[in-house]
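In this note's numbering, the protein residues as written are 28 to 821. C-beta: ideal position from N, C-alpha, C; glycine also. Owing to the predicted nature of the structure, the values given are computational and were not obtained by experimental measurement. Structure record follows, encoded as structure tokens.
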Amino acid sequence: MKTSLSWLKTHLDTSAGIDEIVARLVMLGHDVDGVDDPSKTLADFKVARVVSAEKHPNADRLRVCIVDAGDGEIQVVCGAPNARTGMKGVFGRAGITVPRNGKKLDESTIRGVASRGMLMSAWELALSDDHEGIIDLPEDAPIGTRYIDYAGLGDPVIDIKVTPNRADCLGVRGLARDLAATGIGTLKPLDTTAVPGTFKSPISIKLTDLKACPLFLGRHIRGLKNGSSPDWLKRRLESIGLRPISALVDITNLLTFDLNRPLHVFDAGKVKGDLVVRFAKPGETLLALNGREYELDPEVTAIADDNGIQSLGGVMGGEPTGCTAATTEVFIEAALFDPIRTAATGRRLEIISDARYRFERGLDPEFTAPGLEIATRLIVELCGGEASEVVVAGAVPEWRRQYTLRDTRIAELGGLAVSPAESSTILEYIGFTVKPGTDALVVEPPPWRGDVVGEADLVEEVLRVKGYDEIAPVPLPRETVISRAAIEPRRRRAELVRRTLAARGLTEAVTFSFLSTAAAERFGGGQPSLRLVNPISADLDQMRPSVLPNLLDAARRNADRGFPDIALYELGPLYRDDRPEGQADVAGGLRAGRPGPRDWRVKPGEPDLFTAKEDALAALAAAGAPVDNLQVSGEPPAWFHPGRAGVLRLGPVVLGHFGELHPEILDAFDVTGPVAAFEVFLDAIALPRGGRTRPLLKLSVFQPVDRDFAFIVDRDVAAETLLRAARGADRKLVTDIRLFDVYEGKGLPDGKKSLAIAVTLQPQDATLTEAEIEVFSARLVAAVEKATGGTLRG
């Protein structure tokens, strides 16, 4: 939301400057994004006359100009093709800063001729992209006058990020009303005098659904001429970045930004029959004012005549009934449209308009009629013509409500004692109706404050006008002894998992907790109970059943931009149903492409189920799961590749999935495989007593011992069975055990394979002797042979 200072002062009677006004806006809770004050960059440029413009003696395309800026003649060298004797332009002396590039303009010598300033183009002043020549001013431009004063450019523009709840401040008057409440000025009265109608409108209105459109006011104006707008209106719109089009269009834009009252004007000569507000029918289309044709559906609120759809209610008008220079009669629309349906229509059709932005946040229902009267008066004043009687369909919806503000509540919630009398005065200043009650005030919000829905909101209103800076700082109470950990165990566990996965070469991603219904269904979700009622986008309408779909989308986007080799992980929630218990914290990740850069010494590999298993086990170990006791089963979810994936369990409890993703999933997401992925369920891992997620690191001063063993076992024996048996030979002594070789073929009987393991022994009390190592080795071999039926390979 933008407004110039002069525009703001058409509603606020104040002598305050721009800095004071910005400070008050910030204290009122408005986010001032910036102030564009041309006077700070253009103040030193003056209107000047070119006394003479002679050809440069040493350059064909340059001219030596003598310039008079009201304080003596100055010589400059100019390369503009339109520089000529007698013209008037904009001059900057040596020493000024050029706004376009921020560089200081120094005196210089150009091809042997001194130049002590510069005749400026609009491009160099950062006023436009035109740099074909210097600014050519009219003959009556007064010499020596500051250019910003002559051109009316000294008006600062304030850019405010209006919060979604403060729809009333999407108009300049709403901002002025807020500022007036602080005492910085007085809110000027608004002329809403009714314009008398001289005939009955030939166009009537019919409403088919009062929820979609509870109120529609219209007015016919005939005998007008749609020309260009007066300069004051053009300057006002241009100051906030709007391009003046015609008087009729500019008036509707003015009402939108000045009074937060969006309107639409139909060319009445192009309307056939009456206007009906109804839902669109399947197959109907509209060529909108933005030049695009939209296919509509029954969820869209439309305004139609006998020829079909002519406008999208609260969103955008149609080109067939749009106003042109040939328009001589119009029908003005001032209506209320359902905010939710308006937002849904805009999102579905991907239309962003100033009208939609305001309707979907809620408008003042009582200002519909006054807004129509103001628009009528402006059209008659600027375009001529005569107005009809007002056509009314529907009624103003009920908006009145009352809340109680207890006398002690402001101090309790806000930490500042404000007397009931002062609270009443503040609330009345911003339009609230206040009546005294028993130890409380009975407050009725005004119609433009739909965001006020309770006592806490009333406390906020009093505090922000009173001034947050008046709240005294109070230190929070501190316990003498800290009785709990500084970091909650679940957060500590998540951080350990995050650091572990990052150390394994994965990059953390943060994605939305929602996705499309189609993507959710491919990963076991898509239940109606998890569908969003008001999604931020049509393709983000479902809570995610897994973090993997969004990570796949991220992998595809990276591949599309030339980065196919990727390793991502994410910690976040997934949603199984709409109950609190249905939300679970997970750590998931995926790998695609090469694991590293191409190298002639290293054979390129591809991510596979073993890569995913290592990632999953590392995450589980960091989370405190007993990974040595986990079982691996082969019934992964349907989105994994059959035979190339697994499930990690601790008894009946599923702790995670891992493996290669199914080719059909990769095709659906347009990702080139293979892709190895994993997902571990952090909530399924019990937190140990005391909150510690993993034991303290215990170091030994004694030398570790490494031993390798190879066993011949049946081909169908799982390596995990052998590893578990070897690990159980002495759990205190064995600190690490891993499989490093699998062999089948020559030298082994049919149906057999060789599994080789590396075992690390770490004594804690004394260095191991050779005899102790042999005893352990015999115990390990016996345990493995018993568990697998295999034999030690000679």
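Rounded separation between residue i and residue j - CA only
i    : j    : result
S42  : I162 : 33 Å
A307 : A331 : 9 Å
S31  : T527 : 53 Å
E400 : L251 : 16 Å
I187 : L323 : 34 Å
V480 : M54  : 22 Å
I45  : D63  : 10 Å
A422 : P504 : 54 Å
D466 : E425 : 28 Å
M343 : G268 : 19 Å
P624 : A798 : 47 Å
D566 : S556 : 17 Å
E488 : P447 : 13 Å
G662 : P669 : The question names Gly, but residue 662 in the sequence shown is Glu. Cα to Cα, E662 sits roughly 8 Å from P669.
L559 : P229 : 44 Å
Cβ-Cβ distance between residue i and residue j below 9 Å
i    : j    : result
T818 : V744 : no
G122 : K131 : yes
G686 : R671 : yes
G106 : R88  : yes
F667 : H689 : yes
F708 : V681 : yes
R742 : G772 : no
S573 : G615 : yes
S231 : A402 : no
I185 : V59  : yes
L788 : L766 : no
A203 : W475 : no
D383 : G398 : The identity of residue 383 in the sequence shown is Arg, whereas the question assumes Asp. In this structure, G398 does not lie closer than 9 Å to R383 by Cβ.
L180 : P65  : yes
Contact set for residue i: own chain, Cβ-Cβ below 7 Å, skip 5 residues either direction
i    : result
V103 : C92, V94, S142, R143, G144, M145, L146
G553 : T544, A547, Q569
L405 : I278
S155 : A149
Pick from the options that is closest to residue i, judged by C-alpha positions
i    : options                : result
G224 : F590, E416, E439, R618 : E416
L242 : P216, S727, A362       : A362
G823 : A382, L69, G349, G300  : Missing from the structure shown is residue 823; the chain here goes from 28 to 821 and no further.
L35  : D391, G119, A207, K462 : A207
G651 : P715, E548, K67        : P715
H57  : R491, D133, D218       : R491
T112 : S135, A80, R90, P84    : A80
G198 : D381, S804, G160, A619 : D381
S273 : K261, G245, R734       : K261
G99  : V77, P108, R383        : V77
V276 : L217, K227, E360       : E360
L286 : L237, A396, Y321       : A396
G40  : T354, A149, I211, R583 : The question names Gly, but residue 40 is Asp in the sequence shown. The shortest Cα separation from D40 among T354, A149, I211, R583 belongs to I211.
G411 : L443, P473, N253       : N253
Proximal residues to residue i (C-beta, below 8 Å), its chain only, five neighbours per side dropped
i    : result
Q429 : V469, V470, E471
A753 : F736, V761, I764, I784, V786, L807, A810, V811
V486 : L432, R436, I437, L440, G441
P169 : V74, Y177
I514 : E522
S540 : M570, R571, G599, P600, Y602
V654 : L644, L647, A648
I800 : V732, R734, L788
Residue range of the alpha helix (DSSP H) that includes residue i
i    : result
G61  : No alpha helix (DSSP H) holds G61; the beta strand (DSSP E) holding it covers 58-63.
K67  : 66-69
M54  : 45-54
G116 : Looking at the DSSP string, G116 is not in any alpha helix (DSSP H); the run it does join, the beta strand (DSSP E), is 115-120.
I692 : 690-696
Terminal residues of the beta strand (DSSP E) in which residue i lies
i    : result
I764 : 761-770
Y321 : 320-322
E597 : 593-602
A153 : Counting along the chain, A153 falls outside any beta strand (DSSP E), and DSSP gives it neither H nor E.
D612 : 610-619
L314 : 312-314
I739 : 732-741
Residue-level contact to chain B via CB, residue i, 9 Å cutoff
i    : result
L313 : No chain B is present in this structure, which holds just one protein chain.
Sequence-distant residues of its chain with Cβ nearer than 6 Å to residue i (five each side left out)
i    : result
D710 : A611, D612
P562 : D568
heavy atom of the ligand MN below 8 Å from residue i C-beta
i    : result
K227 : What this structure holds is no ligand at all, so the ligand MN is not there to describe.
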